[in-house]
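Chains as they are written, first to last, in this note's numbering: chain S, 1 to 271; chain U, 272 to 505; chain L, 506 to 760.
Take a look at the structure below.
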Amino acid sequence: MSATQQFSPVAKLEQKTVVDLILKGKRVDERGPLDYRPLTIMLGTVEKANGSAYVYLGKTKVLAGIKVETGTPFPDTPDEGILTVNSEFVPLASPTFEAGPPNENSIELARVVDRGIRESKAIDLKKLCIDPGKKVFMVFVDVYVLDHDGNLIDAAAMAALGALVSAKMRAFEVHNGELKYKDEKIPLPMLNYPVPTTSVKIDGTIVLDPCLEEEQVMSCRLTVTTDKDDKVCAMQKGGLGVFTPDEVKQIVSTSISKSRDLREKILSKVK
Amino acid sequence: MTLHAERKQLVAPGELLAEGPYFAGENTYREGGKIFASRIGMADVIGNKLIVVPIKGAYIPRIDDLVLGRVTDIGMSGWQVDICAPYPAMLPMSETPMRRDRESGRRDLGSIHGVGDLVLAQVIAFDRTRDPLLTTKGRGLGKITSGRVARISPAKIPRIIGKQGSMITMLKKETGTDIIAGQNGVILATGKNPDQERIAAEAIYMIEREAHTSGLTDRVKAMIQERMKGKTIA
Amino acid sequence: MRNDPAVKLIDSKGLRVDGRRLDELRPIKMEVGILDKANGSAYIEHGKNKILAAVYGPREAHPKHIALADRAVVRCRYHMAPFSVDERKSPAPSRRELELSKVIRESLEPAIMSEYFPRATIDIFIEVLQADAGTRCAGITAASLALADAGIPMRELVAACAAGKIEGKVILDLSDIEDKKGEADLPVALLPKSNVISLIQMDGSLSDEEFRQALDLSTDACRKIYEMQREALKLKYHIVRDGTEDKEEMAEVKA
């Protein structure tokens, strides 16, 4: 059952510091309201994975790994490969993370990342079919949150995208439903590049890319994922606060342009 | 200064009741010079105060409330009592009329009230931070060992009591029972025989069901008289 | 699966598979207070969706450590019956149900005055008996009624409805086939009095302009649903209004 969570672990005075700055158009880390934190993305850091990406978003650190395996397709999509996104809030990342089965926050994060990839049709799943109805490739995206300093959804989705675009699988041929691997390696059949940006509302002001201190005082957040054609492909609101319709429209427009820059940055890393 | 709700009008949460210099009373709230209902119920105006009389809702203890509760646990210095509120109530040893046994230092609490016992008590303290505190010091308070219990919605207790006690007086007279209505929705009817008590309980459930209808006192009275036919009131 | 050319979702007259106009809601029926044991309850039929919502509380927090010192904990469980969909759904909660439980709770909490009941819990249970696209929205609409029926203090009711896109057109309130074959789904929950959004999710593909259209369409529909909610609540207690004619009697109620 989903239950109200303890809102902020910091004292009211500390919360006030963050809010007062935002009301003056400033932020705890001296950014402007719509500035994104420095993004660093390193591709291929885990050699055993088909693809991997290590993302630093400010002090937030997320690692995503791709594994490609074979398996049975879903009955309703017999000629398509399978995409699975999973996320782990590893206990070393935050004093609030506990070991055990994924909680609702981790499930929400994985599902928002999944929605962006799936709805933008980022992977050409038809090309991952080996024998229709019997055997397909399965792409596993595992997101590891290693250090939680806010905006995990964006960091995770960008790590997932970085890992996907840099992933390599063994080239293959199919003869009468038989899978034969070849020597060379090929990239995954990518068609689109979804990138989310998350905004939060703090005392009536909208700021982009919240750090943890800001998330602790936010009333709500809105994640907007857009694709390479500037189309919105996924959205998710979170938190106990509310947005006006105009705020939502404004956030969507801002997200479209911001995601463009971030997408360019990620893709420029791929050789 | 405009009144948007008529008196006794049924209102839903968020419904605009008034604008201007009115006070926001029980079950209403003020936002930007306007007063809105916060619960389903009937709007009313008392002087320039707006209130909503709720139709339903949980029992929230108030100091001096008379309640009937069930002992759920025995602690070192008192009992925990379920009074059908969101908060467990505490009846401390010091708030019972029992004397401390000088020999052993303290009495065996279980011998006074055991788990499952029904107690009639009064709320003496309760606020946002503390669970309700009960006392059984007072006439008629303490363990209840006979009678019939009826449990109804606490929002209907005022109807059971009636205007200046008219309904409960009628109930007692017609059924020949003594009736104690706990503010927490638990009602006790004690009579000389089980028939009287059963009819009293039936009448109480009828009032709960039909609380919002008019001419209820007369109909309840007629029902009781019909049911009492052939029953002996000793 | 999407953009299947074999299925026409909009005919030459501009009508949808079930005969609706692009901006038309499915038929909606709501009933309040239909369960005996729950403190508050409601049933909704929205298209072929059949959903029950029940509210228990405010009640004692169990286990105790989940309690919050300054407000009630609101708990929410969205669950689909195994027979509610074409192929039997395992009764164990899926990841989808866990996520929806969270976003539904977050859509209702802004309306609930939980500060009145520190250390207590308010539990909301939503059971989808039959699913036909838009269950989270219909569930929110019903749960909001159940909360009001339980007599829980609320700032206002919450109404919800989805908009989306099929065959390049922005439409209101997707049916099952439109959800499966369409191009976008945008569920929205609105607090109509304050005109603020407490739930918004999206999947599919919408341009900035299409998104704005879809958002306007869904918020307008939420306002219509809000009127239906108020009617449903008043219908449940309509005898109350008849009874109020006897002022003498009603004065007793607030004694």
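Ideal Cβ positions, reconstructed from N, Cα and C, are used throughout, including at glycine.
Residue-chain proximity (residue i, chain U), Cβ-Cβ < 9 Å
{"i": "Gly656(L)", "result": "yes"}
{"i": "Glu714(L)", "result": "no"}
{"i": "Met535(L)", "result": "no"}
{"i": "Thr626(L)", "result": "yes"}
{"i": "Pro615(L)", "result": "no"}
{"i": "Gly524(L)", "result": "no"}
{"i": "Arg735(L)", "result": "yes"}
Residue-chain proximity (residue i, chain L), Cβ-Cβ < 9 Å
{"i": "Ser8(S)", "result": "no"}
{"i": "Ala392(U)", "result": "no"}
{"i": "Asn105(S)", "result": "yes"}
{"i": "Leu337(U)", "result": "no"}
{"i": "Ile475(U)", "result": "no"}
{"i": "Val165(S)", "result": "no"}
{"i": "Glu290(U)", "result": "no"}
{"i": "Gly387(U)", "result": "no"}
{"i": "Tyr293(U)", "result": "no"}
Neighbourhood of residue i by C-beta distance below 7 Å, restricted to the same chain and skipping five residues each side
{"i": "Ser619(L)", "result": "Arg576, Ala577, Val579 and Ile627"}
{"i": "Ile475(U)", "result": "Ala421, Ile423, Ile431 and Ile458"}
{"i": "Pro187(S)", "result": "Ala167 and Lys168"}
{"i": "Ile495(U)", "result": "Glu445, Thr446, Ile470 and Ala474"}
{"i": "Ala49(S)", "result": "Gly65, Ile66 and Lys67"}
Exposure of residue i, with buried meaning 16 or more beta-carbon neighbours within 10 Å
{"i": "Ala574(L)", "result": "exposed"}
{"i": "His483(U)", "result": "buried"}
{"i": "Glu80(S)", "result": "buried"}
{"i": "Gly381(U)", "result": "exposed"}
{"i": "Ala171(S)", "result": "exposed"}
{"i": "Tyr193(S)", "result": "buried"}
{"i": "Ala638(L)", "result": "buried"}
{"i": "Val270(S)", "result": "exposed"}
{"i": "Asn176(S)", "result": "exposed"}
{"i": "His567(L)", "result": "exposed"}
{"i": "Arg333(U)", "result": "exposed"}
{"i": "Ala597(L)", "result": "exposed"}
{"i": "Phe622(L)", "result": "buried"}
{"i": "Thr205(S)", "result": "exposed"}
{"i": "Leu321(U)", "result": "buried"}
{"i": "Phe74(S)", "result": "exposed"}
{"i": "Arg480(U)", "result": "exposed"}
Alpha-carbon to alpha-carbon, residue j and residue i
{"i": "Gly346(U)", "j": "Gln454(U)", "result": "25 Å"}
{"i": "Ala647(L)", "j": "Ile556(L)", "result": "8 Å"}
{"i": "Ala122(S)", "j": "Met190(S)", "result": "6 Å"}
{"i": "Ala651(L)", "j": "Asn544(L)", "result": "8 Å"}
{"i": "Glu602(L)", "j": "Ala3(S)", "result": "14 Å"}
{"i": "Cys355(U)", "j": "Phe588(L)", "result": "36 Å"}
{"i": "Thr254(S)", "j": "Pro292(U)", "result": "42 Å"}
{"i": "Arg27(S)", "j": "Leu34(S)", "result": "10 Å"}
{"i": "Gly116(S)", "j": "Lys180(S)", "result": "32 Å"}
{"i": "Ala329(U)", "j": "Pro101(S)", "result": "35 Å"}
{"i": "Ser595(L)", "j": "Ala636(L)", "result": "14 Å"}
{"i": "Ile107(S)", "j": "Phe89(S)", "result": "10 Å"}
{"i": "Arg728(L)", "j": "Leu720(L)", "result": "13 Å"}
{"i": "Lys258(S)", "j": "Glu611(L)", "result": "27 Å"}
{"i": "Lys463(U)", "j": "Ser417(U)", "result": "10 Å"}
{"i": "Leu281(U)", "j": "Ala314(U)", "result": "6 Å"}
{"i": "Leu696(L)", "j": "Glu104(S)", "result": "24 Å"}
Same chain only: Cβ atoms within 8 Å of residue i, ignoring 5 sequence neighbours per side
{"i": "Leu63(S)", "result": "Thr45, Val46, Ser52, Ala53, Tyr54, Val55, Val143, Tyr144, Leu146 and Ala159"}
{"i": "Ala283(U)", "result": "Ala308 and Ile311"}
Close-in-space but distant-in-sequence residues of the same chain around residue i (CB under 6 Å, 5 per side omitted)
{"i": "Thr40(S)", "result": "Tyr56"}
{"i": "Ala110(S)", "result": "Val85, Asn86 and Ser87"}
{"i": "Glu529(L)", "result": "none"}
{"i": "Asp388(U)", "result": "Val342 and Lys414"}
Short CB-CB distance (under 9 Å) between residue i and chain S
{"i": "Thr646(L)", "result": "no"}
{"i": "Arg593(L)", "result": "no"}
{"i": "Asn544(L)", "result": "no"}
{"i": "Arg582(L)", "result": "yes"}
{"i": "Ile676(L)", "result": "no"}
Identity of the residues DSSP links to residue i by a beta bridge
{"i": "Phe140(S)", "result": "Lys67(S) and Thr84(S)"}
{"i": "Tyr56(S)", "result": "Thr40(S) and Lys61(S)"}
{"i": "Ala482(U)", "result": "Paired residue(s): none; Ala482(U) is not in a bridge."}
{"i": "Thr299(U)", "result": "Ala308(U)"}
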